[in-house]
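Numbering-wise, this note's numbering puts 260 at position 148 of the sequence shown, and it's gapless, one number per residue. For every residue, glycine included, the Cβ atom is placed at its ideal position computed from N, Cα and C. As structure tokens, the structure follows; a few thoughts come after it.
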Amino acid sequence: MNWDVVIKDFGIYLKLERSMSDNTLEGYLRDVQKLSTYLLIKEVKRTPSNIQQSDIVTFLGYLNNEFHIATSSQARLLSALKSFFSYLNETDQTENNPVELIEAPRLPQKLPDTLSVEEIDKLIEAIDLTTYEGRRNKAILEVLYGSGIRVSELVNLKLDALYFEEGFIKVIGKGDKERFVPIGGESIKQVNLYLTHDRITKSPKKGDEDIVFLNRRGGKLTRVMIFTIIKRLAEQIQLGKNISPHTFRHSFASHMVEGGADLRAVQEMLGHESITTTEVYTHLNKDYLQQIITDFHPRIHQNES
113 MNWDVVIKDF GIYLKLERSM SDNTLEGYLR DVQKLSTYLL IKEVKRTPSN
163 IQQSDIVTFL GYLNNEFHIA TSSQARLLSA LKSFFSYLNE TDQTENNPVE
213 LIEAPRLPQK LPDTLSVEEI DKLIEAIDLT TYEGRRNKAI LEVLYGSGIR
263 VSELVNLKLD ALYFEEGFIK VIGKGDKERF VPIGGESIKQ VNLYLTHDRI
313 TKSPKKGDED IVFLNRRGGK LTRVMIFTII KRLAEQIQLG KNISPHTFRH
363 SFASHMVEGG ADLRAVQEML GHESITTTEV YTHLNKDYLQ QIITDFHPRI
413 HQNES
């Protein structure tokens with residue numbers, strides 16, 4: 113069993129069967145290739161079918177000692193190896209699974225940065241609405257915050273994906289997965305104003321005729337352009353936070369959960385495959401929690417009667 117051949121077949125499987133994004137796929141293949149390269153360098157004659165758990169443990173220890181890789185990188189690498197050997201098991205290429213009992217390192221939970229409603233209002237109010245770019249940018253920020261979609265989904269949003277009468281937009285997410293996302297009234301209003309008064313003044317470039325948000329020359333906006341727009345607004349109002357388009361997605365999810373939205377519904381809107389990804393938004397500030405217990409716990413009002 114040749115490592116290179118098996119790794120190549122694994123890549124095809126991830127692409128076709130798992131609909132994995134190119135970036136994630138390449139990362140998984142690199143991580144499995146690291147194991148193959150390590151065995152070659154150390155002259156350990158193992159194939160994917162006869163490698164042992166002790167080999168994996170030694171390999172992980174080698175990476176940690178020699179390169180001091182971060183905990184998150186170790187966890188991702190182990191995830192890649194688990195997927196690789198699970199694939200070999202599923203395709204009956206081996207019954208051996210050397211990583212099955214190896215636990216991933218515990219990752220510290222990092223809460224995403226968010227903006228308050230007041231901070232989002234200040235950012236939007238700072239936009240110069242006397243220009244084409246300004247009116248377009250207001251619509252962009254309203255969509256990012258009003259729907260929670262990813263910046264990649266925003267720049268690829270198409271005219272025929274706007275179902276405003278039904279209150280939805282259709283986006284293509286990770287792994288080319290399609291989903292319908294509800295969108296609020298203010299977002300719809302600003303997009304309609306942009307479409308009817310500004311976008312019609314542009315001649316879209318070939319291939320971008322159906323793209324909603326266009327630059328001044330009629331081409332599709334890039335992710336970097338959206339990032340720059342938001343950075344400049346943050347500097348303009350002296351926000352004091354390092355924000356990006358993804359901050360609006362985090363803020364949308366956080367505000368929805370704090371407002372009492374069902375976690376499964378938020379998961380569906382965000383396009384998360386696993387509910388555990390969405391659960392990070394269940395963080396609530398201490399003042400909010402204190403207010404909840406003050407308002408609703410029966411013991412708090414016991415002495416008031």
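- Query: Comparing alpha-carbon positions, which option in Tyr140, His367, Leu351 and Leu382 lies nearest lysine 234?
  - Reply: The count along the sequence shown starts at 1 and reaches residue 234 at position 122. Per the Cα distances, Leu351.
From the DSSP output, in three-state form, read off proline 357 for me. As a first step, residue 357 must be located in the sequence shown, where it is residue number 245. If DSSP states are grouped into helix, strand and coil, proline 357 belongs with the helices.
Tell me the residue span of the alpha helix (DSSP H) that contains phenylalanine 292.
Within the sequence shown, residue 292 is the residue found at index 180, counting from 1. Here phenylalanine 292 belongs to no alpha helix (DSSP H); instead the beta strand (DSSP E) covers 290-294.
Q. Which residue's Cα is closest to the Cα of leucine 382: Glu254, Arg291, Asp272 and Arg130?
A. What you label residue 382 is simply residue 270 of the sequence shown in a count that begins at 1. Considering only alpha carbons, the answer is Arg291.
What whole-angstrom Cβ distance do arginine 361 and glycine 285 have, given they're in contact under 8 Å? Reading the sequence shown from its first residue, position 249 is the one you call residue 361. Reading the sequence shown from its first residue, position 173 is the one you call residue 285. Not really, about 12 Å apart at Cβ, beyond 8 Å.
Item to complete: Using 10 angstroms around the beta-carbon of serine 366, count the other beta-carbons present and answer buried if the total reaches 16, otherwise exposed.
Response: Counting from 1 along the sequence shown, the entry for residue 366 is found at position 254. It is buried - the Cβ of serine 366 has at least 16 other Cβ atoms within 10 Å.
- Task: Specify the secondary structure class of valine 324 as computed by DSSP and reduced to three states.
- Result: Position 212 of the sequence shown holds residue 324. Three-state result, valine 324: coil.
Next item on the list: For threonine 313, I'd like the list of residues in its chain whose CB is within less than 8 Å of its CB, leaving aside the five on either flank, ordered along the chain.
Entry: By 1-based counting over the sequence shown, the position of residue 313 is 201. So the qualifying residues of the chain are Tyr244.
Requested in this report: For the beta strand (DSSP E) holding phenylalanine 281, just list the boundary residues, first then last.
Outcome: By 1-based counting over the sequence shown, the position of residue 281 is 169. The question names phenylalanine, but residue 281 is isoleucine in the sequence shown. Start and end: 280-284.
Alpha carbon to alpha carbon, how far is leucine 307 from leucine 269? Give it in angstroms, no decimals.
For the purposes of this step, residue 269 is taken as residue 157 along the sequence shown, with counting starting at 1. For the purposes of this step, residue 307 is taken as residue 195 along the sequence shown, with counting starting at 1. Rounded to whole angstroms, the separation of the alpha carbons of leucine 307 and leucine 269 is 13 Å.
Can you check DSSP and say which residues form a bridge with tyrosine 275?
Position 163 of the sequence shown, counting from 1, holds the residue named residue 275. Note: tyrosine 275 sits in a beta bridge opposite Phe280.
ask   = Rounded C-beta distance between arginine 158 and leucine 151? I'm assuming under 8 Å.
value = Counting from 1 along the sequence shown, the entry for residue 158 is found at position 46. Counting from 1 along the sequence shown, the entry for residue 151 is found at position 39. The Cβ separation is near 5 Å, so the contact holds.
CB-CB under 7 Å to phenylalanine 280, same chain, minus the five flanking residues each way: which ones, in chain order? Residue 280 sits at position 168 when you count from the first residue of the sequence shown. Once the five neighbours on either side are set aside, the close Cβ partners of phenylalanine 280 are Phe292, Val293, Pro294 and Ile295.
### Query
At which residue ranges does the stretch 145-210 contain complete beta strand (DSSP E) runs of 3 or more residues, listed in the order of the chain?
none
_Inter-residue spacing [alpha-carbon to alpha-carbon] between aspartate 204 and serine 198_ = Start at 1 with the first residue of the sequence shown, and residue 204 comes out as number 92. Start at 1 with the first residue of the sequence shown, and residue 198 comes out as number 86. Taking the straight line from one Cα to the other gives about 10 Å.
| query | CA-CA distance, lysine 426 and asparagine 327? | reply | Since the first and last residues shown for the chain are 113 and 417, residue 426 lies out of range.
Go ahead and label glutamate 347 buried or exposed: buried means 16 or more other beta carbons lie within 10 angstroms of its beta carbon, across all protein chains shown.
Looking up residue 347 in the sequence shown gives position 235. Classification of glutamate 347: exposed, given that the 10 Å Cβ count is below 16.
Problem set entry | C-beta atoms of phenylalanine 325 and isoleucine 252 nearer than 7 Å | As a first step, residue 325 is located in the sequence shown; it is residue number 213 there, counting from the start. As a first step, residue 252 is located in the sequence shown; it is residue number 140 there, counting from the start. It is a contact, given that the beta carbons lie within the stated cut-off.
Query raised in the report: With 16 other CB atoms within 10 Å as the buried threshold, where does phenylalanine 196 fall?
Result: By one-based count along the sequence shown, residue 196 stands at place 84. The residue is buried, with at least 16 neighbouring Cβ atoms inside 10 Å.
Given serine 191 as reference, the closest of Ile124, Leu213 and Thr226 once Cα atoms are compared | On the sequence shown, residue 191 is found 79 positions in, with the first residue counted as 1. Of the candidates Ile124, Leu213 and Thr226, the one whose C-alpha sits nearest the C-alpha of serine 191 is Leu213.
Q | is_contact[methionine 337, chain E] using C-beta, thresh 7 Å | A | Annotation note: the requested chain E is absent from the structure, which comprises a single protein chain.
What's the C-alpha gap between threonine 242 and histidine 309? What you label residue 242 is simply residue 130 of the sequence shown in a count that begins at 1. What you label residue 309 is simply residue 197 of the sequence shown in a count that begins at 1. Going by the C-alpha atoms only, they are around 12 Å apart.
Discussion item. I believe histidine 358 touches valine 263 by the beta-carbon criterion, under 8 Å. Please report the beta-carbon distance rounded to the nearest angstrom.
Written reply: The residue given as residue 358 occupies position 246 in the sequence shown. The residue given as residue 263 occupies position 151 in the sequence shown. Rounded, the Cβ-Cβ distance is 7 Å, consistent with contact.
Requested in this report: Under 7 Å Cβ to Cβ from leucine 396, same chain only, skipping five residues before and after it: list those, please.
Outcome: Along the sequence shown, read from residue 1 onward, the residue named residue 396 stands at position 284. Bear in mind that the predicted position of leucine 396 carries a pLDDT of just 44, short of 50, making it too unreliable to give a figure here.
Inter-residue spacing [alpha-carbon to alpha-carbon] between serine 166 and isoleucine 342: Walking along the sequence shown from the start, residue 166 turns up at place 54. Walking along the sequence shown from the start, residue 342 turns up at place 230. Near 49 Å, if we compare the C-alpha coordinates of isoleucine 342 and serine 166.
Quiz item: Buried or exposed: where does asparagine 114 fall if 16 or more other Cβ atoms within 10 Å of its Cβ makes it buried?
Solution: In the sequence shown, residue 114 corresponds to position 2, counting from 1. Exposed, since its Cβ has fewer than 16 Cβ neighbours within 10 Å.
Looking only at its own chain, which residues have a Cβ that is under 6 Å from the Cβ of phenylalanine 122, when we skip the five neighbours before and after it?
Your numbering for residue 122 matches position 10 in the sequence shown. Around phenylalanine 122: Phe196 and Tyr199.
field: N-terminal and C-terminal residue of the alpha helix (DSSP H) that threonine 308 is part of
entry: For the purposes of this step, residue 308 is identified with residue 196 of the sequence shown, where counting begins at 1. Here the alpha helix (DSSP H) through threonine 308 covers 297-309.
Looking at the structure shown, is lysine 318 part of a helix, part of a strand, or coil, going by DSSP?
Position 206 of the sequence shown, counted from the start, is the residue given in the question as residue 318. In the displayed model, lysine 318 falls within coil according to three-state DSSP, outside both helix and strand.
* Asked: Around the C-beta of leucine 256, are 16 or more other C-beta atoms found within 10 angstroms, so that it is buried, or is it exposed?
  -> Locating residue 256 in the sequence shown gives position 144, counting from the first residue. Buried, since its Cβ has 16 or more Cβ neighbours within 10 Å.
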